[in-house]
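Throughout, the numbering used here is defined as the position within the sequence shown, counted from one, plus 513.
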Amino acid sequence: MALKKSCTKIITKFDECAGTRAREIYLREFENYRFLQSNILDNIIEEVETHHLTSWRVGIYMGLSIPLLINAIMIDPNNRLPTFDMNIQIYACFALPIIFCLGFGANIVIWNRAQINYRYIFELDLDDTVDFQQFLEHSFILQLPALFLFLLIQIIYLDFSGMIPNLSQWFPAIYFCIVSTILLCPFPILYRSSRWWLIRTMVRILLSGFLQVEFCDFFMADGLASISYSFWTFGYFICTYYNHTYDIVNVCNIPHMWMAPFVAALPAWWRLMQCLRRYCDSRQYFHLVNAGKYFVSILTSIMVGPKRIIDIPATKFAWIAISVSSSIYSLIWDLVMDWNLFTQNRRLRNNLVFQRWVYYFAIISNTFLRFIWIITLGSSTTLAFVAALLEMCRRIQWNIFRLENEHLHNNTDLFGVNSECAPKIS
514 MALKKSCTKI ITKFDECAGT RAREIYLREF ENYRFLQSNI LDNIIEEVET HHLTSWRVGI
574 YMGLSIPLLI NAIMIDPNNR LPTFDMNIQI YACFALPIIF CLGFGANIVI WNRAQINYRY
634 IFELDLDDTV DFQQFLEHSF ILQLPALFLF LLIQIIYLDF SGMIPNLSQW FPAIYFCIVS
694 TILLCPFPIL YRSSRWWLIR TMVRILLSGF LQVEFCDFFM ADGLASISYS FWTFGYFICT
754 YYNHTYDIVN VCNIPHMWMA PFVAALPAWW RLMQCLRRYC DSRQYFHLVN AGKYFVSILT
814 SIMVGPKRII DIPATKFAWI AISVSSSIYS LIWDLVMDWN LFTQNRRLRN NLVFQRWVYY
874 FAIISNTFLR FIWIITLGSS TTLAFVAALL EMCRRIQWNI FRLENEHLHN NTDLFGVNSE
934 CAPKIS
């Protein structure tokens with residue numbers, strides 16, 4: 514692929530310099546070469562990258578998790594421990610990033626099959642980068658699903674079943690320590706370079722505004738913005754162990770604490786700082802327009818505080834007005850800038866990786882999910898979690914087309930070669 518693109522560029526340059534029109538003639542002859550028509554190398558690559566044992570392990574993790582989760586959910590409410598209400602909020606906080614990573618694994622499956630070079634775009638170490646099957650199995654690499662989900666559901670089952678009631682209040686802390694230990698393991702095991710890549714990216718996000726912005730910085734920060742539910746619900750985890758209580762009404766009523774909406778606004782704040790830094794570096798005006806989008810998102814998150822705590826018609830109306838503005842602003846930016854649709858022609862754009870109906874479905878579903886916050890107008894914690902799950906699904910879908918757009922941009926400039934087949938430059 515890289516050789517074909519290189520030859521195409523060379524022939525095009527030759528036509529420009531020599532004033533000829535030989536490009537089509539040469540390309541027709543070039544297509545007849547056997548190395549372009551043969552699938553032998555592609556088949557060998559597929560055989561090397563196919564891990565049937567890994568797929569089996571992922572199936573085992575999921576198969577063991579689902580029955581335990583159903584069993585935990587079906588426990589008689591009369592037999593619930595006093596820690597139930599607190600712990601279920603903490604487990605929901607932990608579950609959302611894991612499920613998001615499962616969706617990111619689905620993104621990698623799609624990018625692989627569509628030949629979108631995510632490894633090059635994310636600047637991953639090709640000598641120690643997992644394919645999508647390994648990615649799904651080794652959740653400790655990037656907080657990914659299979660193993661961590663299995664461990665979480667095991668903890669939930671042990672907790673809610675009441676098998677060890679004396680440890681119920683400590684189960685969330687045990688799980689948190691296991692996850693932290695695996696992610697921060699300094700030894701050259703468990704795909705250390707990929708774990709360090711994640712930690713490095715998280716540190717760069719925390720320092721947003723002080724460092725030059727890379728693609729993976731704002732891509733990951735956008736992902737964090739879609740799981741802001743876990744940011745403010747993590748307050749339950751801190752409160753229960755700091756105050757040594759599981760009183761979710763009187764002591765740890767996180768939704769009615771003024772700090773919660775500001776914590777939930779952190780991902781949008783990081784993206785705002787990244788946009789301002791990119792404007793300072795490039796002086797391109799559209800970065801300021803993008804910064805405005807995240808400024809409105811910050812206002813939306815902060816206004817949740819008055820809506821919940823003061824709870825008068827004026828605060829609710831203000832929150833609805835800002836939320837509608839933020840959703841419309843973000844929706845337009847999704848379609849026009851992030852996905853680059855409707856900018857080159859009225860029918861999507863000139864270059865498409867997927868079939869047209871896929872884009873129309875994405876446009877409709879993205880529009881619907883941008884306004885999913887409407888179901889949180891009440892005070893139901895269940896609906897709040899459902900809205901967070903649906904927002905996460907929207908982001909997983911957004912990831913596909915955002916990276917596709919970046920891949921097409923790179924290929925236009927002959928940057929996005931197939932790094933797996935290209936020689937490594939040291």
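Backbone N, C-alpha and C define an ideal beta-carbon position, used for all residues, glycine too.
Proximity of residue i and residue j at Cβ, strictly below 8 Å
i	j	result
Val726	Gln787	yes
Val809	Trp832	no
Ile691	Leu664	yes
Leu785	Ile825	no
Pro780	Arg821	no
Ala900	Trp886	yes
Ile524	Ala535	yes
Met905	Ile612	yes
Ser578	Leu662	yes
Gly722	Arg791	no
C-alpha gap between residue i and residue j, whole angstroms
i	j	result
Trp709	Tyr631	18 Å
Ala777	Phe747	10 Å
His922	Cys729	16 Å
Leu609	Gly532	59 Å
Cys530	Arg860	35 Å
Gly618	Trp624	10 Å
Leu615	Ser795	35 Å
Tyr749	Ile835	27 Å
Arg907	Leu882	6 Å
Phe689	Ser838	37 Å
Arg600	Asp589	The displayed chain sequence assigns Asn, not Arg, to residue 600. Using only the alpha carbons, I get a separation of about 16 Å.
Gly572	Leu671	22 Å
Met772	Leu697	28 Å
Ala605	Phe855	38 Å
Cys752	Gln628	46 Å
Val716	Trp782	15 Å
Lys518	Leu540	11 Å
Ile815	Leu844	20 Å
Pro949	Ser707	This structure cannot speak to residue 949, because the chain is shown only from 514 to 939.
Ser741	Thr894	15 Å
Trp745	Val764	16 Å
Asp760	Leu801	44 Å
Gln857	Asn545	32 Å
Ala897	Asn620	25 Å
Arg626	Phe874	19 Å
Gly576	Met676	22 Å
Ser939	Leu903	Residue confidence is low: Ser939 scores 29 on pLDDT, short of 50, so the model does not pin down where it sits. Its coordinate-derived value is still stated next. So the two alpha carbons sit approximately 43 Å from each other.
Lys940	Ser693	Look at the range of the chain in this structure, 514 to 939, and you will see that residue 940 is not part of it.
Thr889	Pro819	15 Å
Pro774	Ala734	17 Å
Ile695	Leu848	38 Å
Phe527	Phe543	15 Å
Phe731	Asn863	26 Å
Leu916	Ile718	19 Å
Phe914	Thr758	45 Å
Glu537	Thr521	10 Å
Leu720	Asn924	30 Å
Gly736	Trp846	16 Å
Val762	Thr828	22 Å
Tyr872	Tyr842	20 Å
Asn766	Ser892	13 Å
Ile603	Ser743	9 Å
Val622	Arg705	22 Å
8 Å contact criterion, which residue i and residue j should meet: CB distance rounded
i	j	result
Ala659	Tyr755	Not confirmed; about 32 Å, so no contact.
Phe884	Ser840	5 Å
Asn918	Trp852	6 Å
Ile668	Ile687	7 Å
4 or more residues per run - each alpha helix (DSSP H) lying fully within the segment 677-757: Taking only runs of at least 4 residues, the alpha helix (DSSP H) segments lying wholly in the segment 677-757 are 684-696, 705-719, 728-738 and 741-755.
Is it the case that the segment 677-691 contacts the segment 593-605, given that we only count it when at least three CB pairs across the two stretches are under 8 Å? These segments touch.
Between the segment 579-592 and the segment 869-878, are three or more C-beta pairs nearer than 8 Å? No, they do not touch.
Completely contained alpha helix (DSSP H) runs for the segment 817-887, where each covers 4 or more residues: When DSSP assignments are scanned along the segment 817-887, the uninterrupted stretches of alpha helix (DSSP H) that are 4 or more residues long and fall wholly within it turn out to be 826-846 and 869-883.
Unbroken alpha helix (DSSP H) runs of length 4 or more, entirely within the segment 575-632: which are they? With a minimum length of 4 residues, the continuous alpha helix (DSSP H) runs that stay inside the segment 575-632 are 597-626.
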